[in-house]
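Protein chains: 2
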Amino acid sequence: MPKSPRVDPDQLLELFSVSFGAYYGDFTAAAARENLTASQGKTLGELSRGPVAMRGLADTLACDASNITGIIDRLEKRGLVRREPSPGDRRVKNVVLTPEGEQAVEAIRAHMDTTRAGMDTLDAEERATLHALLKRVFTARCGES
Amino acid sequence: MPKSPRVDPDQLLELFSVSFGAYYGDFTAAAARENLTASQGKTLGELSRGPVAMRGLADTLACDASNITGIIDRLEKRGLVRREPSPGDRRVKNVVLTPEGEQAVEAIRAHMDTTRAGMDTLDAEERATLHALLKRVFTARCGES
DNA sequence: GACTCTTGCTTGACCATCTCAAGCATCCAC
DNA sequence: GTGGATGCTTGAGATGGTCAAGCAAGAGTC
């Protein structure tokens with residue numbers, strides 16, 4: 001079953017652009033529902049995988065460390081996040097999600113309506129295929145075997 | 001060949017988050033190379049598909065129209081873009097990419113190194129499959145037959 | 001210990017992005 | 001032509017982003 005022959009990398013890149021634009025819009029809207037900006041939502045999402053040092057957030061979000069200070073300041077002021085001193089290195093501050101922060105992450109994920117509706121058009125096998133292909137394209141270098 | 005059984009929507013959503021983060025970082029870096037911010041790059045990318053009214057850009061980029069005014073101001077000042085009156089409606093201004101603007105878009109697309117490297121790990125059939133699946137998830141509602 | 005080097009975080013300055021409220025010009029319906 | 005809707009701009013205020021500078025703390029050397 002030849003899905004559609006002749007998809008060159010430029011066409012795929014173009015589709016990435018459109019798809020990610022749609023995802024980003026959906027994400028931004030879901031975050032706005034919680035009175036969070038896209039950057040704040042993205043930061044909380046990273047933290048949902050476990051505590052991260054300020055430096056680590058700056059690396060993941062690909063921005064200057066000084067930027068993170070302000071974002072965490074605002075999230076901390078709202079009680080969604082907490083700075084904790086690192087036991088091993090007193091320079092380092094680990095950022096931890098509070099229960100309220102976890103709730104916010106859940107709420108955002110639950111309200112990604114457009115994206116979820118799109119995913120619902122795939123059956124289980126198609127989801128598995130998409131997952132495998134996307135993973136190869138975007139997480140190759142962090143690659144476990 | 002069962003790729004990987006049991007990928008539920010939440011896992012796929014999670015992978016979207018990571019993948020789009022990687023894409024966004026790559027895009028931002030490529031845009032920065034041209035002395036453009038991510039928003040400016042995204043705007044130019046939209047315009048590469050043809051002229052768009054200010055209002056249309058605001059809709060596509062999912063932000064307030066007043067925002068677009070500033071972005072286009074800066075792009076126009078740098079000669080990457082031009083405002084043209086719409087023949088049919090004198091309220092509307094169509095934004096057109098200049099040749100310099102087209103060059104900038106090409107340069108950004110050419111320097112999406114991480115993403116291109118990831119795509120190179122796929123063969124032609126896998127690209128076609130990924131294209132078809134992504135398209136179904138994210139462009140269903142604009143759907144031509 | 002003292003000296004230096006590096007690293008992690010914060011601060012301040014400066015611009016870009018984003019939203020909202022308000023305003024103006026134009027179109028459209030009546 | 002009057003009134004209402006629409007397209008764009010402006011200005012205020014908060015957030016996001018970079019850069020340069022600074023402080024605190026680990027790490028290596030003596």
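Protein chains in written order, with the UniProt record's numbering: chain L, 1 to 145; chain H, 1 to 145. A virtual CB, placed ideally from N, CA and C, is assigned to each residue, including glycine. These figures come from a predicted structure and were not determined experimentally.
A contact between stretches requires three or more CB pairs, one per stretch, nearer than 8 angstroms, and the stretch 39-53 of chain H fails this requirement with the stretch 57-76 of chain L. Counted as a single uninterrupted DSSP element, the alpha helix (DSSP H) harbouring H:VAL137 occupies residues 124-138.
Residue pairing by DSSP places H:ASN94 opposite H:ALA53, H:GLU84 in a beta bridge.
Secondary structure at H:ARG78: coil, using DSSP grouped into helix, strand and coil. With at least 16 other beta carbons inside 10 angstroms of its own, H:GLN40 counts as buried. For H:MET119, the enclosing alpha helix (DSSP H) covers residues 113-119.
H:LEU133 and L:LEU122 have their C-alpha atoms roughly 8 angstroms apart. Chain order gives the chain H residues near L:LEU133 as LEU122, GLU126, THR129, LEU130, LEU133, where near means a beta carbon separation below 8 angstroms. Residues of chain H with a Cβ closer than 8 angstroms to the Cβ of L:ALA31 do not exist; the shortest Cβ-Cβ separation is about 12 angstroms. Contact check for H:MET119 against H:ARG127 passes: the beta carbons are separated by less than 8 angstroms. For a cut-off of 8 angstroms, the C-beta gap from H:VAL92 to H:SER86 is around 4 angstroms, short enough to register as a contact.
Interface criterion met: the Cβ of H:LEU12 is under 8 angstroms from a Cβ in chain L.
At a cut-off of 8 angstroms, the C-beta of H:SER39 has no neighbouring C-beta in chain L.
Residues of chain L with a Cβ closer than 8 angstroms to the Cβ of H:THR115 are, in chain order, LEU13, PHE16, VAL137, PHE138. The C-beta distance from L:VAL18 to H:THR139 rounds to 6 angstroms, short enough to meet the 8 angstroms contact threshold.
Counting of Cβ neighbours within 10 angstroms places L:THR37 among the exposed residues, the total staying below 16. Interface with chain L (8 angstroms Cβ-Cβ cutoff): H:ALA62 is included. The C-alpha of L:LEU47 is placed about 18 angstroms away from the C-alpha of L:MET112. If you draw a 10 Å sphere on the C-beta of H:LYS77, you find fewer than 16 other C-beta atoms in it, and that means exposed. In this model, H:VAL105 and H:GLU125 are separated by some 27 angstroms (Cα to Cα). For L:THR28, the closest alpha carbon among the candidates L:ASP10, L:LEU44, L:LEU15 is that of L:LEU44.
Using a CB distance cut-off of 8 angstroms, H:THR28 counts as an interface residue toward chain L. Across the set L:LEU12, L:TYR23, L:LEU13, L:GLU14, the C-alpha of L:TYR23 shows the shortest separation from the C-alpha of H:LEU12. If you compare the alpha carbons of L:GLU102, L:VAL137, L:ASN67, L:ARG49 with that of L:VAL81, the shortest gap goes to L:GLU102. Chain-ordered, the chain H residues with CB closer than 8 angstroms to the CB of L:GLY118 read ARG136, VAL137, PHE138, ALA140. Out of L:GLY88, L:LYS42, L:ARG49, the CA that lies nearest to the CA of L:LEU75 is found in L:LYS42. Per DSSP, reduced to three states, the secondary structure at H:ASN35 is coil, with no helix or strand assignment. Nearest to L:GLY79 by alpha-carbon distance, out of L:ASN67, L:PRO99, L:ASP26, is L:PRO99. Here the alpha carbon of H:ARG90 sits roughly 44 angstroms from the alpha carbon of L:ILE68. The contact set of H:MET112 on chain L, defined by CB atoms closer than 7 angstroms, consists of LEU13 in chain order.
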